[in-house]
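Reviewing the structure listed below.
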Amino acid sequence: MKQYQRSSILVIGGAEDKVHGKEILQSFWHCAGGTSAIIGIIPSASREPTIIGERYFNIFRDMGAKDIRVLDVRDRIHGEDKAYQEYVEECTGIFMTGGDQLRLCGLLADTPLMERIRQRVKLGEVSLAGTSAGAAVMGHHMIAGGSSGESPNRALVDMAMGLGIIPEVIVDQHFHNRNRMARLLSAISSHPERLGIGIDEDTCAVFHHHNEFIEVLGRGTVTIVDAQAMSYTNQGDVTAEAPLALHNLRLHILGHGDRYNIKNHQPIAGVAE
4 MKQYQRSSIL VIGGAEDKVH GKEILQSFWH CAGGTSAIIG IIPSASREPT
54 IIGERYFNIF RDMGAKDIRV LDVRDRIHGE DKAYQEYVEE CTGIFMTGGD
104 QLRLCGLLAD TPLMERIRQR VKLGEVSLAG TSAGAAVMGH HMIAGGSSGE
154 SPNRALVDMA MGLGIIPEVI VDQHFHNRNR MARLLSAISS HPERLGIGID
204 EDTCAVFHHH NEFIEVLGRG TVTIVDAQAM SYTNQGDVTA EAPLALHNLR
254 LHILGHGDRY NIKNHQPIAG VAE
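In my numbering, each number is its position in the sequence shown, counted from 1, plus 3.
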């Protein structure tokens, strides 16, 4: 299994394997230090945080992590909890579970706990992983909800502010599994300066080297929508339900081992195993 750096951010499309090889969760555990890992689990996106927190606790315990704690933030006041903040100072890995991304942001955004996590991630002191809702919150702009549709339109997607951990991206999860291409395109039409990233289930986009590269891990694909050279959209001229025109987009479908250079906007083929 490939070893990633402590500074890696693992953005997971949801429904990652928790039973068999656990490739993605094993990779996070290695990033966090393996048997030396001190892991904080944030189940705040879930409406059943005790159950989901315990599930990941048991997974990382069975892998042999040194210490694990569930940071059970159920109210914004818990984001000021001194014991949680002290634990985060010791953590080598933070894992955000799935659920509702609006709930997660509502509980954590601008709290001392989240601000310190963001600082430590930026400094490369701690690995961060988020799955499903925990992936959606990574960007400055966040897809908060919406539906699948035959063609992109503004009514297809609900946008909100994310946690801004990787500000330059907009993430959509369960991507091909739930037919969300039109939703991501609709989001990008309003924010063409951002990089659209659609991540399939049991698939992970690993950001490393100061977020200059993405590497794909898992059994699905990562879809990159690059609107940097978009020459035209009718986004500002039509009703919310009307189909959107988007000219001159670049689209990349990346498989396991493939990489993408965010700085140069270039895909790089992985080495066949």
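Quick reminder that beta carbons are idealized off the backbone N, C-alpha and C, glycines included.
Beta carbon proximity, residue i to chain C, threshold 8 angstroms
| i | result |
| --- | --- |
| tyrosine 90 | Absent here is chain C; the protein component of the structure consists of one chain. |
Top-ranked residue by Cα proximity to residue i, from the options
| i | options | result |
| --- | --- | --- |
| glycine 201 | Gly223, Asp175, His194 and Thr100 | Asp175 |
| methionine 66 | His194, Asn214, Lys21 and Asp240 | Lys21 |
| alanine 248 | Leu254, His255, Ile256 and Gly239 | Gly239 |
| histidine 211 | Ile120, Ser193 and Val124 | Val124 |
| valine 274 | Ile265, Gln231 and Leu220 | Leu220 |
| phenylalanine 178 | Ala136, Lys69 and Val91 | Ala136 |
| serine 39 | Pro115, Glu93 and Gln231 | Glu93 |
| methionine 141 | Glu153, Leu107 and Gly127 | Leu107 |
| tyrosine 90 | Arg119, Phe63 and Gln104 | Arg119 |
| alanine 68 | Thr114, Pro46 and Cys34 | Cys34 |
| glutamate 128 | Gly36, Arg58, His268 and His259 | Gly36 |
| aspartate 113 | Gly82, Ser189 and Gly101 | Gly82 |
| glutamate 218 | Pro246, Asp261, Ala243 and Asp229 | Asp261 |
| arginine 72 | Gly24, Ser49 and Met99 | Met99 |
| isoleucine 62 | Lys25, Leu74 and Ile45 | Lys25 |
| leucine 159 | Ala245, Asp70 and His259 | Ala245 |
| isoleucine 42 | Phe60, Met117 and Pro115 | Phe60 |
| histidine 194 | Pro46, Thr53 and Val172 | Val172 |
| alanine 48 | Glu57, Gln104, Gly199 and Phe216 | Gln104 |
| isoleucine 168 | Met117, Glu51 and Glu57 | Met117 |
| phenylalanine 216 | Tyr263, Asn180 and Arg181 | Tyr263 |
| methionine 233 | Arg50, Lys85, Ala208 and Gly199 | Gly199 |
| leucine 110 | Lys85, Ile271, Asn180 and Ile45 | Ile45 |
| lysine 266 | Asp229, Asp75 and Arg58 | Asp229 |
Residues that residue i bridges to, as DSSP identifies them
| i | result |
| --- | --- |
| valine 163 | Per the sequence presented here, residue 163 reads as alanine, with valine not at that position. Looking at the DSSP assignment, alanine 163 forms a beta bridge with Met145. |
| aspartate 70 | Ile41 |
| methionine 99 | Ile45 and Gly133 |
| isoleucine 227 | Ile200 and His255 |
| leucine 116 | BP columns for leucine 116 are empty, so no partner. |
| alanine 208 | Val14 and Val219 |
| aspartate 175 | Gly201 |
| isoleucine 191 | None; isoleucine 191 has no bridge partner. |
| proline 246 | According to DSSP, proline 246 bridges with nothing at all. |
| isoleucine 271 | Arg262 |
| threonine 236 | Leu249 |
Outcome for residue i when other beta-carbon atoms lying within 10 angstroms are tallied against a minimum of 16
| i | result |
| --- | --- |
| histidine 250 | exposed |
| arginine 157 | buried |
| leucine 254 | exposed |
| histidine 1 | Outside the displayed range of the chain (4 to 276) lies residue 1, so it cannot be described from this structure. |
| glutamine 122 | exposed |
| alanine 139 | buried |
| alanine 185 | buried |
| isoleucine 80 | exposed |
| serine 192 | buried |
| arginine 197 | buried |
| arginine 77 | exposed |
| glutamine 231 | exposed |
| serine 154 | exposed |
| arginine 183 | buried |
| proline 3 | One cannot answer for residue 3 here, as it falls past the ends of the chain, which runs 4 to 276. |
| serine 189 | buried |
| glutamine 269 | exposed |
| serine 150 | exposed |
| isoleucine 97 | buried |
| threonine 95 | buried |
| leucine 126 | exposed |
| isoleucine 54 | exposed |
| glycine 102 | buried |
| alanine 243 | exposed |
| glycine 152 | buried |
| alanine 208 | buried |
Are at least three pairs of beta-carbons, each pair with one atom in the segment 149-165 and one in the segment 5-14, less than 8 angstroms apart? no
Any contact between the segment 130-139 and the segment 28-43? By contact I mean 3 or more CB pairs, one from each, below 8 angstroms. Contact check between the segment 130-139 and the segment 28-43: three or more CB pairs, one atom from each, fall below 8 angstroms, which counts as touching.
Is there contact between the segment 11-19 and the segment 186-205, where contact requires at least three CB pairs shorter than 8 angstroms? yes
Contact between the segment 138-145 and the segment 222-237 (3+ Cβ pairs under 8 angstroms): no
Decide if the segment 223-232 is in contact with the segment 254-271; the criterion is three or more beta carbon pairs, one per stretch, under 8 angstroms apart. yes
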